[in-house]
Amino acid sequence: MRDHLFQLLGTSFFPRWKEKHQVRLTVSIDGLNLHMPPPYSIVTQESEQGSWHVPTVVGDDLETPRQWICATRARDPSSRNNEVVQSSTSNIL
Numbered sequence: 001m002r003d004h005l006f007q008l009l010g011t012s013f014f015p016r017w018k019e020k021h022q023v024r025l026t027v028s029i030d031g032l033n034l035h036m037p038p039p040y041s042i043v044t045q046e047s048e049q050g051s052w053h054v055p056t057v058v059g060d061d062l063e064t065p066r067q068w069i070c071a072t073r074a075r076d077p078s079s080r081n082n083e084v085v086q087s088s089t090s091n092i093l
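Numbering follows UniProt numbering, with no gaps: position 12 of the sequence shown is 12.
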């Protein structure tokens, strides 16, 4: 029954659930290390104002603070192609 419910939810549900719940384990000379899931989603997101927030790639380490790129569209109605007119970066833990 559980497999059937997951199929009903679609393919996009499981990767999002896994990102928020999966604890990774690494083994090193120092011993075992548990890597908890990030406190926020690390996928491209759109804000209510229409800005896009894109995480930069830092490799596979989810605990390293990431830099995000924020892109907004022109609000001028005379702008035909809606070019990105402003972008900025911010660091998030």
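Heads up, the beta-carbon is just placed ideally off N, CA and C, and yes, glycines get one too.
Being a predicted model, the structure only gives us computed values, none of them experimental.
Flag this pair as yes or no: are the beta carbons of residue i and residue j separated by less than 8 Å?
i	j	result
Pro37	Val23	yes
Whole angstroms are fine: how far does the CA of residue j sit from the CA of residue i?
i	j	result
Leu34	His21	13 Å
Glu48	Thr72	12 Å
Gln67	Pro55	6 Å
Ile69	Glu19	21 Å
Arg75	Gln45	19 Å
Leu25	Val57	21 Å
Ser41	Leu32	25 Å
Gly50	Pro39	23 Å
Trp17	Val43	13 Å
Pro15	Ile29	31 Å
Unbroken beta strand (DSSP E) runs of length 3 or more, entirely within the segment 22-77: which are they?
Taken in chain order, the whole beta strand (DSSP E) runs of length 3 or more contained in the segment 22-77 are 24-28, 31-35, 52-55, 66-73.
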